[in-house]
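Engineer: Protein chains in written order, with the numbering used here: chain Z, 1 to 319; chain A, 1001 to 1324.
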Amino acid sequence: MYDKALLKDFYKTMVSIRYFEETIDEMSLKGEIPGFVHLYIGEEAIATAVCQNLTHKDYIQSTHRGHGHTIAKGAQLDRMMAELFGKKTGYCKGKGGSMHIADFSVGMLGANGVVGGGYTLAVGGALAEQMKGTDNIAVVFFGDGASNRGTFHEALNMAAVWKLPVIFVCENNEWASTTPYLTQTSVKDIADRAVGYGIPGVIVDGNDVFEVYEAAKTAVERARRGEGPTLLEAKTYRIKGHFVGDPEMYRTKEEVKERFDSNDPIKRFEDKVLSSGDMTESDLEEIREEIKFEIEKAIDFAKNSPFPGVEELYTDLYV
Amino acid sequence: MRKITFSQATLEAMQEEMRRDENVFILGEDIARQGGIFGQFKGLPQEFGFDRVRDTPISETAIIGAAIGAALAGMRPVADMHFADFMGVCMDEIFNQMAKIRYMFGGQATVPMVIRAPDGLVRSAAAQHSQSIEAWFLHIPGIKVVAPSNAYDAKGLLKAAIRDDNPIIYFENKDLFRQEGEVPEDEEILVPIGKAKVAKEGKDVTIVSYSIMMQNAFEAADELAKEGINAEIIDLRTISPIDKETILNSVAKTKRLLIAHEAVKIGGVGAEIAAIVAEEGLDYLDAPIVRVGAKYTPVPFSPTLEEAYRPKTEEIVKGIKEML
Chain Z
1 MYDKALLKDF
11 YKTMVSIRYF
21 EETIDEMSLK
31 GEIPGFVHLY
41 IGEEAIATAV
51 CQNLTHKDYI
61 QSTHRGHGHT
71 IAKGAQLDRM
81 MAELFGKKTG
91 YCKGKGGSMH
101 IADFSVGMLG
111 ANGVVGGGYT
121 LAVGGALAEQ
131 MKGTDNIAVV
141 FFGDGASNRG
151 TFHEALNMAA
161 VWKLPVIFVC
171 ENNEWASTTP
181 YLTQTSVKDI
191 ADRAVGYGIP
201 GVIVDGNDVF
211 EVYEAAKTAV
221 ERARRGEGPT
231 LLEAKTYRIK
241 GHFVGDPEMY
251 RTKEEVKERF
261 DSNDPIKRFE
271 DKVLSSGDMT
281 ESDLEEIREE
291 IKFEIEKAID
301 FAKNSPFPGV
311 EELYTDLYV
Chain A
1001 MRKITFSQAT
1011 LEAMQEEMRR
1021 DENVFILGED
1031 IARQGGIFGQ
1041 FKGLPQEFGF
1051 DRVRDTPISE
1061 TAIIGAAIGA
1071 ALAGMRPVAD
1081 MHFADFMGVC
1091 MDEIFNQMAK
1101 IRYMFGGQAT
1111 VPMVIRAPDG
1121 LVRSAAAQHS
1131 QSIEAWFLHI
1141 PGIKVVAPSN
1151 AYDAKGLLKA
1161 AIRDDNPIIY
1171 FENKDLFRQE
1181 GEVPEDEEIL
1191 VPIGKAKVAK
1201 EGKDVTIVSY
1211 SIMMQNAFEA
1221 ADELAKEGIN
1231 AEIIDLRTIS
1241 PIDKETILNS
1251 VAKTKRLLIA
1261 HEAVKIGGVG
1271 AEIAAIVAEE
1281 GLDYLDAPIV
1291 RVGAKYTPVP
1301 FSPTLEEAYR
1311 PKTEEIVKGI
1321 KEML
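(1) Given a limit of 9 Å on CB to CB distance, which residues of the segment 40-54 of chain Z reach chain A?
(2) Helix, strand or coil for residue 1173 of chain A? Go by DSSP, reduced to three states.
(3) So, at 6 Å on beta carbons, what are the nonlocal neighbours of residue 1241 of chain A in its own chain, with the 5 sequence-adjacent residues on each side left out?
(4) Beta carbons nearer than 8 Å to chain Z: which residues of the segment 1039-1066 of chain A have them?
(5) Taking Cβ-Cβ distances shorter than 9 Å, what residues in chain Z pair up with residue 1170 of chain A?
(6) According to DSSP, simplified to helix, strand and coil, what is residue 1037 of chain A?
(7) Please report the distance separating the alpha-carbon of residue 270 of chain Z from that of residue 142 of chain Z.
(8) Closest by CA to residue 240 of chain Z, which one among Z:3, Z:42, Z:138, Z:6?
(9) Would you mind sorting residue 79 of chain Z into buried or exposed? The rule is 16 or more other CB atoms within 10 Å of its CB.
(10) Under 8 Å, CB to CB, which of the residues in the segment 1068-1088 of chain A have a partner in chain Z?
(11) Given a cut-off of 9 Å on the beta-carbon distance, is the pair residue 1086 of chain A and residue 1239 of chain A in contact?
(12) Any chance the segment 1156-1164 of chain A sits against the segment 1285-1295 of chain A, with 3 or more Cβ pairs inside 8 Å?
(13) Expressed to the nearest angstrom, what Euclidean distance is found between the alpha-carbon atoms of residue 185 of chain Z and residue 293 of chain Z?
(14) Can you confirm whether residue 1033 of chain A, when its beta carbon is compared against all beta carbons of chain Z, has any partner nearer than 9 Å?
(15) So residue 126 of chain Z and residue 159 of chain Z are supposed to be a Cβ contact under 8 Å. How far apart are they, rounded?
(16) Which first and last residues belong to the beta strand (DSSP E) in which residue 231 of chain Z is found?
(17) Using CA atoms only, rank isn't needed, just tell me which of A:1201, A:1071, A:1066, A:1065 is closest to residue 1024 of chain A.
(18) Which runs of the beta strand (DSSP E), 3 residues or longer, sit entirely within the segment 1198-1227 of chain A?
(19) Please name the residue, chosen from Z:242, Z:238, Z:138, that lies closest to residue 265 of chain Z on a Cα-to-Cα basis.
(20) Between the segment 1138-1146 of chain A and the segment 1213-1232 of chain A, are three or more C-beta pairs nearer than 8 Å?
(21) Output the residue ranges of the beta strand (DSSP E) runs that lie fully inside the segment 48-115 of chain Z and measure 3 residues or longer, sorted by chain position.
(22) I need the DSSP call for residue 143 of chain Z, collapsed to helix, strand or coil.
(23) Along the beta strand (DSSP E) that carries residue 1076 of chain A, what are the first and last residues, could you check?
(24) Is the distance from the Cβ of residue 1126 of chain A to the Cβ of residue 1299 of chain A below 9 Å?
(25) Which residues, in order along the segment 1154-1178 of chain A, keep a beta-carbon less than 7 Å from a beta-carbon of chain Z?
(26) Are residue 1212 of chain A and residue 1175 of chain A touching if we call contact CB-CB under 9 Å?
(27) What is the DSSP secondary structure of residue 1028 of chain A, counted as helix, strand or coil?
(28) Give every residue of the same chain whose Cβ lies closer than 7 Å to the Cβ of residue 1268 of chain A, excluding the five residues on either side of it in the sequence, and list them in chain order.
(29) Report all residues from its chain with a CB closer than 7 Å to the CB of residue 82 of chain Z; omit the five preceding and five following residues, and keep chain order.
(30) What does DSSP give as the partner residue(s) for residue 1133 of chain A in the beta ladder?
(31) My output table needs one value for residue 1118 of chain A: the three-state DSSP class, helix, strand or coil.
(32) Please look up how many angstroms separate the CB atoms of residue 1169 of chain A and residue 1115 of chain A, rounded, as I've assumed it's under 8 Å.
(33) Can you grab the Cα-Cα spacing for the pair residue 6 of chain Z / residue 1048 of chain A, in whole Å?
(34) Using a 10 Å radius around the Cβ and a threshold of 16 neighbouring Cβ atoms, would you call residue 65 of chain Z buried or exposed?
(35) Candidates A:1148, A:1060, A:1319, A:1276: which alpha carbon is nearest residue 120 of chain Z's?
(36) Give the list of continuous alpha helix (DSSP H) stretches no shorter than 4 residues that lie fully inside the segment 9-51 of chain Z.
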């Protein structure tokens, strides 16, 4: 049903995100990466599948947990790694870091250190494309916790009333920082909130890359046709703590292990393509080796890059 | 020379810039169908359509966020805030997003947008519709802030702001909208951002002011002239970045400084200017610096209290006489 090139793309992107995040986890714990880091492990299928439907002319707005979105949108691992290390060769010359990484050349318009900060910016990107008469669209990723920000509601209303080409992708990972989302959120399904704005609300299994891909495709096509926004909720689970170093007093290791072992999106993909015969173990192994090599190169690049000089402090403040 | 109102001057700026560049558009509450609460947008949708002159939901956060997003996507939005006071509603978008995007993304982005912010005391509008809050934004690197004092500058600064590639907050005093000033016809008016203007030359004292308080500065100068005191008046025009050079050059000449603004005195723009002169021009001074600003209270409703709150010409005159 899917051609092999697409399957390879799915796997390559998901594995890139996983290995990148595992590396960052290790480096951050060792103190080699300054600042706060939030990992996307266990949620890889969502960014991968959504961005597979986008071109570099489409925009995404990301979150504090944004490495996966950045990779899936097409950013290079070496310049990402350098940015996380605070190096001059990073995408933002070391001025942004993990929470403020962006690659405008591929339409990745920024992670955001403010939870719920991206919605209205995505609405603006979509408005610009609508006014210019293109069929480019904007996507904003956000979590279950962020759906309780007022920005969510203002953005959905504005996007709906102007029929803007924007897709709201909720990654419901069940944890709003350190709080179980159901203790702080009025509905079990965030997608239900679409009703209040008269737009489609769709729920998918966020750990099934195929299901996310199909739902995102429908939403993207609808947006490109000028039929307006969609709220897409992908159910997933946050495998790592809120941030690297989070003692995770709010849940047990057993719970996390059980959820990961039973529902790892990469494992599920492997099982599916191997049992269908669409890919072989050696196909998968080849991709894994290629990504491992890329990550090694990215680490070398980041480590061997210079820090920005103090003369950079005042640059980029104004045009 | 032709005289038009401040409001008309801003309208001409919008018309000229929207004709010149199709990426310029304006969004805000009550602007298209109503024409703006001060009539400052009258006729714009008839010429440019309801897409480029866009009524919005009452969603200040989404208005500013959408303007930022559109600016990142190559447009040049002008976002009308209705009242400057409502910037409190969308402060995150202004100071965590708009102001920082270019810097934190290492110069990848430009955010060419203008926030129009009608401010100041007018007809007992009271605590939530009367404030002058420009000092807040002086404290935030990454934003430029301008505040015209007359119709000519209103036109020239708005046109320059729309053409500037940085995010700019344009404070327009509500009581100035109806006032007339000389604005030549058939002439491209662009007032440089970042440059203060010596509005009146003098030798005995420097008055630094901006926006509507410039009128009090002139009144005070006339008053002082009767007693042989010749005041120099600087119209700041741009609040951020502050044109230190013009201020310091003037103080070097006059040896005395008074700063006057309608905003609350404590923590105001005057405090920063006083600090700059204390740090970089203390030796010039023959007298302590004096600041004139509003009282440290929310803006009261009752006309008697509003009048008591308002900074006045007499305070400028008195402050200067005490220095001499």
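Positions of the beta carbon are idealized from the N, C-alpha and C atoms, including for glycine.
Values in this document were obtained by computation on a predicted structure and should not be read as measured data.
Structural biologist: Let me lay it out:
(1) Listed by position, the residues of the segment 40-54 of chain Z near chain A (Cβ gap below 9 Å) amount to none.
(2) To locate residue 1173 of chain A, count along the second sequence from 1; it is residue 173. Residue state, collapsed to three classes: strand.
(3) As a position in the second sequence, residue 1241 of chain A is number 241, starting the count at 1. Excluding positions up to five away in sequence, the list reads 1194.
(4) Against chain Z - using a Cβ distance shorter than 8 Å - the residues of the segment 1039-1066 of chain A are 1051, 1052, 1056, 1057, 1059, 1061, 1062, 1064, 1065, 1066.
(5) Residue numbering aside, residue 1170 of chain A sits at position 170 when the second sequence is read from its first letter. Those within 9 Å of residue 1170 of chain A in chain Z number zero; the least Cβ separation is about 16 Å.
(6) By one-based count along the second sequence, residue 1037 of chain A stands at place 37. Residue state, collapsed to three classes: coil.
(7) Within the first sequence, numbered from 1, the residue matching residue 270 of chain Z stands at position 270. Within the first sequence, numbered from 1, the residue matching residue 142 of chain Z stands at position 142. One C-alpha to the other measures close to 27 Å.
(8) Walking along the first sequence from the start, residue 240 of chain Z turns up at place 240. Nearest C-alpha to residue 240 of chain Z among Z:3, Z:42, Z:138, Z:6: Z:42.
(9) Position 79 of the first sequence holds residue 79 of chain Z. Under a 10 Å Cβ-count criterion, residue 79 of chain Z is classified as buried, with 16 or more other Cβ atoms of the shown protein chains found around its own Cβ.
(10) Those would be 1068, 1069, 1070, 1071, 1072, 1073, 1074, 1075, 1077, in chain order.
(11) For the purposes of this step, residue 1086 of chain A is taken as the residue at position 86 of the second sequence. For the purposes of this step, residue 1239 of chain A is taken as the residue at position 239 of the second sequence. The Cβ atoms of residue 1086 of chain A and residue 1239 of chain A lie no closer than 9 Å to each other.
(12) Taking a contact to require three or more Cβ pairs closer than 8 Å, the segment 1156-1164 of chain A and the segment 1285-1295 of chain A do not qualify as touching.
(13) By 1-based counting over the first sequence, the position of residue 185 of chain Z is 185. By 1-based counting over the first sequence, the position of residue 293 of chain Z is 293. Roughly 42 Å separates the two Cα atoms.
(14) Here the question's residue 1033 of chain A lines up with position 33 in the second sequence. Chain Z contact via Cβ: absent.
(15) As a working mapping, residue 126 of chain Z is identified with position 126 in the first sequence. As a working mapping, residue 159 of chain Z is identified with position 159 in the first sequence. Contact between residue 126 of chain Z and residue 159 of chain Z holds: CB atoms are separated by about 7 Å, below the 8 Å threshold.
(16) For the purposes of this step, residue 231 of chain Z is taken as the residue at position 231 of the first sequence. 230-235 is the extent of the beta strand (DSSP E) around residue 231 of chain Z.
(17) Mapped onto the second sequence, residue 1024 of chain A falls at position 24. Selected option, being the one with the closest Cα: A:1071.
(18) Positions of the beta strand (DSSP E) runs, each at least 3 residues long and wholly inside the segment 1198-1227 of chain A, are given as 1205-1209 in order along the chain.
(19) Along the first sequence, one-based indexing puts residue 265 of chain Z at 265. Checking every option, the nearest Cα to that of residue 265 of chain Z belongs to Z:238.
(20) Per the Cβ contact rule, the segment 1138-1146 of chain A is not in contact with the segment 1213-1232 of chain A (fewer than 3 Cβ pairs under 8 Å).
(21) Scanning the segment 48-115 of chain Z for uninterrupted beta strand (DSSP E) segments of 3 residues or longer gives 59-61, listed from N- to C-terminal end.
(22) Your numbering for residue 143 of chain Z matches position 143 in the first sequence. Three-state DSSP puts residue 143 of chain Z in a strand.
(23) Locating residue 1076 of chain A in the second sequence gives position 76, where the first residue counts as 1. It spans 1076-1080 - the beta strand (DSSP E) in which residue 1076 of chain A sits, taken as one unbroken run.
(24) As a position in the second sequence, residue 1126 of chain A is number 126, starting the count at 1. As a position in the second sequence, residue 1299 of chain A is number 299, starting the count at 1. Taking 9 Å as the Cβ cut-off, residue 1126 of chain A and residue 1299 of chain A qualify as a contacting pair.
(25) In summary, the residues of the segment 1154-1178 of chain A whose CB is separated from some CB of chain Z by less than 7 Å are 1165, 1166, in the order they occur in the chain.
(26) In the second sequence, residue 1212 of chain A corresponds to position 212, counting from 1. In the second sequence, residue 1175 of chain A corresponds to position 175, counting from 1. Taking 9 Å as the Cβ cut-off, residue 1212 of chain A and residue 1175 of chain A qualify as a contacting pair.
(27) Here residue 1028 of chain A refers to the residue found at position 28 of the second sequence. Of the three classes helix, strand and coil, the one that applies to residue 1028 of chain A here is strand, per DSSP.
(28) Counting from one through the second sequence, the residue named residue 1268 of chain A turns up at place 268. In its chain, beyond the 5 residues on either side, 1135, 1261, 1293 have a beta carbon closer than 7 Å to the beta carbon of residue 1268 of chain A.
(29) As a working note, residue 82 of chain Z is residue 82 in the first sequence. Once the five neighbours on either side are set aside, the close Cβ partners of residue 82 of chain Z are 89, 90, 301, 302, 305.
(30) Taking the second sequence and counting its residues from 1, one reaches residue 1133 of chain A at position 133. Looking at the DSSP assignment, residue 1133 of chain A forms no beta bridge with any residue, so it has no partner.
(31) Taking the first residue of the second sequence as 1, we reach residue 1118 of chain A at position 118. DSSP places residue 1118 of chain A in strand when its eight states are reduced to three.
(32) The residue labelled residue 1169 of chain A in the question sits at position 169 within the second sequence. The residue labelled residue 1115 of chain A in the question sits at position 115 within the second sequence. Taking the Cβ atoms as the reference, residue 1169 of chain A lies roughly 5 Å from residue 1115 of chain A, within the contact range of under 8 Å.
(33) What you label residue 6 of chain Z is simply residue 6 of the first sequence in a count that begins at 1. What you label residue 1048 of chain A is simply residue 48 of the second sequence in a count that begins at 1. The straight-line gap from Cα to Cα measures roughly 45 Å.
(34) Here residue 65 of chain Z corresponds to residue number 65 of the first sequence, with the count starting at 1. The residue in question, residue 65 of chain Z, is buried, as its Cβ has 16 or more Cβ neighbours within 10 Å.
(35) To locate residue 120 of chain Z, count along the first sequence from 1; it is residue 120. Closest option to residue 120 of chain Z, judged by alpha-carbon separation, among A:1148, A:1060, A:1319, A:1276: A:1060.
(36) Runs of the alpha helix (DSSP H) inside the segment 9-51 of chain Z: 44-51.
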